[in-house]
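Here the sequence shown is numbered in this note's numbering, starting from 4 and rising by one per residue.
Just so it is clear, CB atoms sit at the ideal spot from N, CA and C, and this is done for glycine as well.
Okay, structure first, notes after.
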Amino acid sequence: MLTIQNVKKTFNPGTVNEKKALNGVSLELETGDFVTMIGGNGAGKSTLMNAIAGVWPIDSGRITIDGVDVTALPDYKRAAFLGRVFQDPMTGTAADMEIEENLALARRRGSFHAFWKWGVTKKEHEEYHELLKRLDLGLEDRMTAKVGLLSGGQRQALTLLMATLKKPKVLLLDEHTAALDPKTAEKVLKATDRVVSENNLTTLMVTHNMRDAIAHGNRLVMMNNGKIILDIRGEEKKKLTIEDLLHKFEEVSGEEFTSDKAILS
């Protein structure tokens, strides 16, 4: 479903600030794979996420989504293939619009004529009510409330629904619970598991939290210095502990994992 082949990206080449952010990254996600990605600061996680989304061109390599080569496509053309939830809960929703209006906007994304046919139909209202109810955040009773009045966790859960409403080929979760308190983050992750599972979405979730990386998804990938150094899946992943993960990192990279944020989260 998502194939990344030998992708390289260097920022500020030929200067004292040159940074090889991606150094020949290759990764393949099959349909329905839920991959959690972890690594220290500067490992290349967010850079890879942005490469997939087409935020900027890569230096070399190839990216295909559902068999379509999107390497040369700009981000707005890749949007038809992707759903994305960012770290900042304020990103991804329109604060001055109602909850159901935000969902309607997401539903009509990519359709010019449907976009200008404003108003939420009765059928849409019923659909959104059911989807919101399953989040277990009480939003189904506040569908006409302005999104700007919601908490960070509520907005992030709403953004998740908006990003998956049209069942994207690939769902990108860019540390989407990092800005939330632990209890709220747990609720959003629970909602994420359900949405991904029910829709069989191919998903890549970047996180700093080792416990979350182990607990969620069917595969775990670790990056270091712009490369993928670990790819663990299936039964091996289910049996992982944080201590195992740290040991594997040191064994493969020859370095000690130094991200306190990831270890202590």
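C-alpha distance - Phe3 paired with Ser154, whole-angstrom precision: An answer regarding residue 3 cannot be provided, because it is not within the stretch 4 to 268 covered by the chain.
How many Å lie between Lys230 and Ala46 at the Cα? 8 angstroms
For Ala98, count neighbouring Cβ atoms within 10 angstroms of its own Cβ and tell me buried if that reaches 16, exposed if not. exposed
For the alpha helix (DSSP H) containing Lys251, name the first residue and the last one. Ile245 to Ser256
What ranges does the alpha helix (DSSP H) occupy inside the stretch 108-159, keeping only unbroken runs of at least 4 residues that lie completely in it? 115-119 and 125-136
Ordered along the chain, which non-local residues of its own chain (more than five positions away) have a Cβ less than 7 angstroms from that of Leu192? Thr180, Asp215 and His219
I'd like to check one pair, Leu243 with Ala194: are the Cβ atoms closer than 8 angstroms? no
Put Asn9 into one of helix, strand or coil per three-state DSSP. strand
With burial defined as no fewer than 16 other Cβ atoms inside 10 Å of the residue's Cβ, what is the status of Leu152: buried or exposed? exposed
Measuring straight from C-alpha to C-alpha, what distance separates Phe118 and Val73? Note that Phe118 has pLDDT 47, beneath the 50 cutoff, so the model's placement of it is unreliable and no number is given.
Can you give the Cα-Cα distance for Ala204 and Val19, rounded to whole angstroms? Note on identity: in this sequence residue 204 is Leu, with Ala being the wrong assignment. Going from the Cα of Leu204 to the Cα of Val19 covers about 41 angstroms.
Return yes when the Cβ of Thr96 is within less than 8 angstroms of the Cβ of Arg145, no when it is not. no
Pick helix, strand or coil for Met208, following the three-state DSSP scheme. strand
Given Thr206, which residues of its chain have a CB within under 6 angstroms of its CB, disregarding the five upstream and five downstream residues? Phe37, Leu174 and Val199
Nearest residue (CA-CA) to Gly88, options Leu161, Met40 and His128: The question names Gly, yet the displayed sequence has Val at residue 88. It is Leu161 whose Cα lies nearest to the Cα of Val88.
Given Glu170, which residues of its chain have a CB within under 6 angstroms of its CB, disregarding the five upstream and five downstream residues? One detail in the question is off: residue 170 reads as Lys in this sequence, not Glu. Correct list, in chain order: Asn202.
Top-ranked residue by Cα proximity to Asn227, from Ala83, Phe84, Glu21 and Met40: Met40
May I have a chain-ordered list of the beta strand (DSSP E) segments no shorter than 3 residues that lie completely inside the stretch 18-60? 22-32 and 37-41
Taking the straight line between their C-alpha atoms, what separation do you get for Asn26 and Lys136? 44 angstroms
Compute the Euclidean distance between the alpha carbons of Ile245 and Glu239, then round it to the nearest angstrom. 13 angstroms
Given a threshold of 16 other Cβ atoms within 10 Å of its Cβ, counted over all protein chains shown, does Lys12 qualify as buried or as exposed? buried
Less than 8 angstroms separating the beta-carbons of Asn105 and Met165? yes
Rounded to the nearest angstrom, what separates Lys264 and Asn212 at their Cα positions? Below a pLDDT of 50, predicted positions are generally treated as unreliable, and Lys264, at 49, falls in that range; the measurement from the model is reported next regardless. Answer to the nearest angstrom: the Cα atoms are 7 angstroms apart.
Specify, as a first and last residue, the run of the alpha helix (DSSP H) that Thr195 falls within. Pro185 to Asn202
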